[in-house]
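**Q** The structure that follows is given in the form of structure tokens.
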Amino acid sequence: MSGFSVVLAKECRDNFRDIRTILASFSLALLGPALFAAMMAFVLNTTLGESRESFRLAVVGSEHAPRLMEHLGRFNVELTEVTLDDPRQAVRDGREDLVLVIDADYPRRLEAGERAAVALIHDSSRMGTARRNYSRAQQMIGQYSRKLGILRVQLRGMDPALLSPIAVSEVDTASPAARAMTLLTVLPYLLVLVVFMGGFYLAIDATAGEREHGSLEPLLSQPISRAQLVLGKVAAASVFSAISTALFLIGLSLSLPFVPLHKVGMSLAIDLNACVQMFFVSLPLVFLGASLLTVVASFAKSYKEAQTYLTVVILIPTLPLIVTQMLNVEATTALMLIPSFSQATLISDLIKGEALEWAHVAVSMAATGTLAALTAWVAVALYKRERMLV
Amino acid sequence: MIRGEGLGKSFGRVEAIRGVDLHAPDGRITALLGPNGAGKSTTLRILATVLQADRGHAWVDGAEVSADPAAVRRSIGVLPHGAGLYARLSARENIAYFGALHGLGRAALRARVDELVEQLDMGEFANRRVAGFSQGQRIKVALARALVHDPKNVLLDEPTNGLDVMATRALREIIIALKRQGRCVVFSSHVMQEVATLCDDLIIVGGGQVRFAGSLDELRTRTGQDDLEDAFVDVVGEQPA
Numbered sequence: 011m012s013g014f015s016v017v018l019a020k021e022c023r024d025n026f027r028d029i030r031t032i033l034a035s036f037s038l039a040l041l042g043p044a045l046f047a048a049m050m051a052f053v054l055n056t057t058l059g060e061s062r063e064s065f066r067l068a069v070v071g072s073e074h075a076p077r078l079m080e081h082l083g084r085f086n087v088e089l090t091e092v093t094l095d096d097p098r099q100a101v102r103d104g105r106e107d108l109v110l111v112i113d114a115d116y117p118r119r120l121e122a123g124e125r126a127a128v129a130l131i132h133d134s135s136r137m138g139t140a141r142r143n144y145s146r147a148q149q150m151i152g153q154y155s156r157k158l159g160i161l162r163v164q165l166r167g168m169d170p171a172l173l174s175p176i177a178v179s180e181v182d183t184a185s186p187a188a189r190a191m192t193l194l195t196v197l198p199y200l201l202v203l204v205v206f207m208g209g210f211y212l213a214i215d216a217t218a219g220e221r222e223h224g225s226l227e228p229l230l231s232q233p234i235s236r237a238q239l240v241l242g243k244v245a246a247a248s249v250f251s252a253i254s255t256a257l258f259l260i261g262l263s264l265s266l267p268f269v270p271l272h273k274v275g276m277s278l279a280i281d282l283n284a285c286v287q288m289f290f291v292s293l294p295l296v297f298l299g300a301s302l303l304t305v306v307a308s309f310a311k312s313y314k315e316a317q318t319y320l321t322v323v324i325l326i327p328t329l330p331l332i333v334t335q336m337l338n339v340e341a342t343t344a345l346m347l348i349p350s351f352s353q354a355t356l357i358s359d360l361i362k363g364e365a366l367e368w369a370h371v372a373v374s375m376a377a378t379g380t381l382a383a384l385t386a387w388v389a390v391a392l393y394k395r396e397r398m399l400v
Numbered sequence: 247m248i249r250g251e252g253l254g255k256s257f258g259r260v261e262a263i264r265g266v267d268l269h270a271p272d273g274r275i276t277a278l279l280g281p282n283g284a285g286k287s288t289t290l291r292i293l294a295t296v297l298q299a300d301r302g303h304a305w306v307d308g309a310e311v312s313a314d315p316a317a318v319r320r321s322i323g324v325l326p327h328g329a330g331l332y333a334r335l336s337a338r339e340n341i342a343y344f345g346a347l348h349g350l351g352r353a354a355l356r357a358r359v360d361e362l363v364e365q366l367d368m369g370e371f372a373n374r375r376v377a378g379f380s381q382g383q384r385i386k387v388a389l390a391r392a393l394v395h396d397p398k399n400v401l402l403d404e405p406t407n408g409l410d411v412m413a414t415r416a417l418r419e420i421i422i423a424l425k426r427q428g429r430c431v432v433f434s435s436h437v438m439q440e441v442a443t444l445c446d447d448l449i450i451v452g453g454g455q456v457r458f459a460g461s462l463d464e465l466r467t468r469t470g471q472d473d474l475e476d477a478f479v480d481v482v483g484e485q486p487a
């Protein structure tokens, strides 16, 4: 066995024995996909739910407005006559989501051609279905009101168009699917963090930790070149980072089927093939992350100091993502030169089930791979300096 | 055999050692004695190829430390200050790690580790993880690790630091055994009594320079002091603590 593989094997074995390192390295990879799927499912179920599904509308005094009830009955509404002393309190307490209150003088005013009033009681601080049902009920009653208005105007021999001088027609071009896609932009951030978190603690243990425990000095007097020693450590951090990435991708492919994307007419299935491709395009980022973490942790004299530095380092790969997202940049071949952004783009494409552009893949892997090699070279150069010790 | 000529090393503006000459022959124990901050560790680190001397040269079995560090590393075993073991690895695994770095094959490594475990009387704790070991146990493991490739030269940086009487005695016997095996043993210490019971040759350093080199008897004759501690103080000179 060469010195490189001896160091690699030792660092992996040593760190696999540390339960805290294992937990810290892989928890994000294991929990991330489940949390993401749960969040997606929640958002889809609440804000983008089926708008034609029936809902319950509690009515107080329905006997005063049989025509209105008839109108509402044509929609998919479960009209329920309730007797409530204090409908407001019932909504406030959450016993009812939505209550329609019809006054006893409703029929008299209607007959007299006056303005009749109904109250629609709801709680606007409640999100999701309650809010959606309120606006549906409001629309239905508004529609009935306009119908009556038109009839009254026509009876008086006037043009109903007088009532609405301006007709606004609303056109929302965003499909529910597009809105769901905006959620997917969280995924690349998560992936980049997972890649970096995987190697985080091993990189610290193998550099600052080794120095803190006094084992670096005897290690440096062993007959192994500094290049083999440092690259062995970088490789061990890469192994942990790659495991973290693989766990994340497997978790994602297992949890995405639980997201009700069919409701917005989409499917985001990640099959084994896509999983392997994602892992493959992430690999250069894995090496870059391991090298970068090793370089920075090497400057630290203690575990704690290294942790402080690396917490800042871990934010660096998210910067390209934030900037490109704010500027709303389209992915071009030139932009594939940017590490972390290029991997995020390629992985988003794979998640959407789009075929990869091989030029993009080639540029991304070559650029990030080259940067990873340069960073690893810096790490080796650092360990050739004797200031590493004192 | 270890030889140094005019070794000098500075850290920034601080001159740790200047013009250190030393000679440590095979089959003898050479002590590097001096107060704290005298330059003992710096000298040993230069010999261990961990630091590079700014001035002067040193040879281990004929190989120059900065010109051919790889050859020097193969022929020395180093016990650093404070052992420096991996807490989550067992004693055997700690020893085997350095053996593997020295290129020992699986079977040879196993045999060598068994041999060291027996020699240093570590059977009781050899398969346990190092976390929780006593200082004496740690020093034994670190020493076994330094000896795993059967080096001709052994450098020990304050090996008895933090050891109790029994552990110190055990270590002393091990060091004497190393000498009998014909090795060149160099150890540093700041305790005169310990040096007196163990060393054949004595090098006293103070303020980064060699103040005395020779045998204990020569030290007594030179200073005219019968008591070794008085002789030591005489050579180094009273220094503010």
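Just so you know, the sequences run in chain order A and B.
Per my numbering, the first sequence starts with residue 11, numbered consecutively.
Per my numbering, the second sequence starts with residue 247, numbered consecutively.
Beta carbons: idealized from backbone N, C-alpha and C, even for Gly.
Given the structure is predicted, the values throughout are model-derived calculations rather than measurements.
1. Verify the CB distance criterion: does A:GLY13 have a CB-CB separation below 7 Å to chain B?
2. Shortest alpha-carbon distance to A:TYR144 belongs to which of A:ASP96, A:LYS157, A:ALA310 and A:VAL87?
3. Go ahead and pull the three-state DSSP assignment for B:ASN407.
4. Go through its chain and collect everything with a Cβ distance to B:PRO486's Cβ below 6 Å, but skip five positions before and after it.
5. Candidates A:ALA147, A:PRO349 and A:LEU229: which alpha carbon is nearest A:PHE65's?
6. For B:ASN399, count the other beta carbons within 10 Å of its own beta carbon; 16 or more makes it buried, fewer makes it exposed. Which is it?
7. How far does the beta strand (DSSP E) with A:LEU94 in it extend, from its first residue to its last?
8. Would you mind working out which of B:VAL318, B:VAL266, B:VAL260 and B:GLU440 sits nearest B:LEU401, comparing C-alpha positions?
9. Say whether chain A places a C-beta atom closer than 7 Å to the C-beta of B:PRO326.
10. Grouping DSSP H, G and I as helix and E and B as strand, with all else coil, what is B:ALA487?
11. Can you list, in chain order, the residues of the segment 350–380 of chain B whose Cβ is nearer than 7 Å to any Cβ on chain A?
12. Taking three-plus beta-carbon pairs below 8 Å as touching, is the segment 260–272 of chain B in contact with the segment 369–384 of chain A?
13. Once you ignore the five residues that flank B:ALA475 on each side, which residues in its own chain have a CB closer than 7 Å to its CB?
14. Could you tell me whether the Cβ atoms of A:LEU266 and A:ILE253 are closer together than 7 Å?
15. If A:VAL244 and A:ALA389 are in contact, beta carbons under 8 Å, what's the gap, nearest whole angstrom?
16. Taking only beta-carbon atoms, is B:PHE433 less than 7 Å away from chain A?
17. Give the DSSP-derived three-state secondary structure of A:GLN149 in the structure shown.
18. Less than 7 Å separating the beta-carbons of A:GLU220 and A:LEU212?
19. Do you know how far the Cα of B:ASN373 is from the Cα of B:ILE385?
20. Between which residues of its own chain and A:THR334 is the CB-CB distance below 7 Å, once the five residues before and five after are set aside?
21. Chain A partners of B:ARG334, CB-CB under 7 Å?
22. In the segment 256–321 of chain A, which residue ranges form an unbroken alpha helix (DSSP H) of at least 4 residues, counting only runs that do not cross its ends?
23. In whole angstroms, give me the CA-to-CA distance for A:ARG30 and B:ILE341.
24. Using a C-beta cutoff of 7 Å, does B:PHE344 count as contacting chain A?
25. Less than 7 Å between the C-beta atoms of A:ALA140 and A:ALA218, yes or no?
26. Roughly how many angstroms lie between the CA atoms of B:GLY483 and B:VAL311, to the nearest whole one?
27. State yes or no: is the beta carbon of A:LYS314 nearer than 7 Å to at least one beta carbon in chain B?
28. Tell me which residue opens and which closes the beta strand (DSSP E) that B:GLN455 is part of.
29. For A:HIS81, name the three-state secondary structure that DSSP assigns.
30. Can you tell me whether A:CYS22 is helix, strand or coil according to DSSP?
31. Use the C-beta contact count for A:LEU110: other C-beta atoms within 10 angstroms, 16 or more gives buried, fewer gives exposed.
32. Apart from the five residues just before and just after B:MET368, which ones in its own chain have a Cβ nearer than 8 Å to its Cβ?
33. Buried or exposed, going by whether 16 or more other CB atoms sit within 10 Å of the CB of A:GLN287?
34. Identify, in the order they occur along the chain, each residue of the same chain with its Cβ nearer than 8 Å to the Cβ of B:PRO397, setting aside the five sequence neighbours on each side.
**A** In short, the structure shows the following:
1. yes
2. A:VAL87
3. coil
4. Bear in mind that a pLDDT of 49 at B:PRO486, under 50, signals an unreliable position, so the model cannot answer this.
5. A:ALA147
6. buried
7. Looking at the DSSP string, A:LEU94 is not in any beta strand (DSSP E), and its letter there is neither H nor E.
8. B:VAL318
9. yes
10. Any reading at B:ALA487 must be qualified, since the residue scores a pLDDT of 44, below 50, and its modelled position is unreliable; the value itself is stated next. B:ALA487: coil per DSSP, three-state reduction.
11. none
12. no
13. Here residue 475 of chain B is Glu; the residue named in the question, Ala, does not match the sequence. So the qualifying residues of the chain are MET438.
14. no
15. 6 Å
16. no
17. helix
18. no
19. 16 Å
20. PHE351
21. ASP24, ARG27 and ASP28
22. 282–308
23. 25 Å
24. yes
25. no
26. 31 Å
27. no
28. 455–460
29. helix
30. helix
31. buried
32. ALA337, LEU362, GLN383, LYS386, VAL387 and ALA390
33. buried
34. ARG320, SER321, ILE322, GLY323 and ARG429
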